[in-house]
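Chemist: Number 146 in my numbering belongs to position 57 of the sequence shown; there are no gaps in the numbering.
The C-beta atom is built at its ideal place from N, Cα and C for all residues, glycine as well.
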Amino acid sequence: MGGYLVESMAECHVESVAGLQRACFPEPFPAELLWQASHIRRHLSQFPGGQWVVQLDGQVVASCSNILCRESDWESHKPFHEIAGSLGLEGHVAGGTVLYGIDISVHPGHRRKGLARLLYQSRFGFVRFNKLDRYGTVCRMPGYSASGESDPTHYAELVVGGTLTDATLTPLLRMGLAYKGVIMEYMEDQESGSAGAILEWKP
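1. Using C-beta distances below 6 Å, list every residue in its chain close to L145, excluding the 5 sequence neighbours before and after it, in chain order.
2. Using the three-state DSSP reduction, which class does K111 fall into: helix, strand or coil?
3. Would you mind sorting D240 into buried or exposed? The rule is 16 or more other CB atoms within 10 Å of its CB.
4. Can you tell me whether E121 is buried or exposed? The criterion is at least 16 other CB atoms within 10 Å of its CB, across all chains shown.
5. Which runs of the beta strand (DSSP E) at least 3 residues long sit entirely within the region 110–175? Give them in chain order.
6. Along the alpha helix (DSSP H) that carries A235, what are the first and last residues, could you check?
7. Opposite S97 in the DSSP bridges: which residues?
8. How many Å lie between I156 and I191 at the Cα?
9. Below 8 Å, can you find three or more Cβ-Cβ pairs linking the region 197–206 to the region 181–188?
10. How many Å lie between H294 and L176 at the Cα?
11. Tell me, which residues are paired with E274 by DSSP?
Shown next as structure tokens:
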């Protein structure tokens, strides 16, 4: 796709992946929630087969981080710090049956080129190949704070119904992820009202 290549993340990508973070998540997203190189190395040490990057001409322009979790943990819809453990993703459960998407980062200069879809294809392919139960994630809703809506759940429902468009939630719905509700106080995120939309995909 236009010279873009998806490959498994490796040590040689770590510094570039960490460098994407502030460009992809500008203020007011909290700086303390951005990956540092030490976090990315921890992700690789715990779950090397579950992290991917997109490169163009040898430059990392997008990445995604994931863990495995138990079905019971997915169904209980825990906040970020409980499901992930910390920014090092110590919540990863080897042998878990749900691939849980923690993060996807696409450099602003390479958006609207299908890179998120490429990364999601890798995620879905991993689920199929390993015969997992599902892919699940909790999605930011960065359009919420500027929408004038007073309730994140109502906002999400308006986006799902097509009345409103959200820069993050809308594209994921178009990729075939199913909306399953909202987690309040999922993580500190002013733009999303600290809430997140629960999404899943089953093979």
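Modeler: For this structure:
1. G92, Y93
2. Per the sequence shown, the amino acid found at residue 111 is Arg instead of Lys. Of the three classes helix, strand and coil, the one that applies to R111 here is helix, per DSSP.
3. exposed
4. exposed
5. 141–145, 148–158
6. 233–236
7. W141
8. 7 Å
9. no
10. In the structure as shown, the chain starts at 90 and stops at 292, and residue 294 therefore has no counterpart that could be examined.
11. According to DSSP, E274 bridges with nothing at all.
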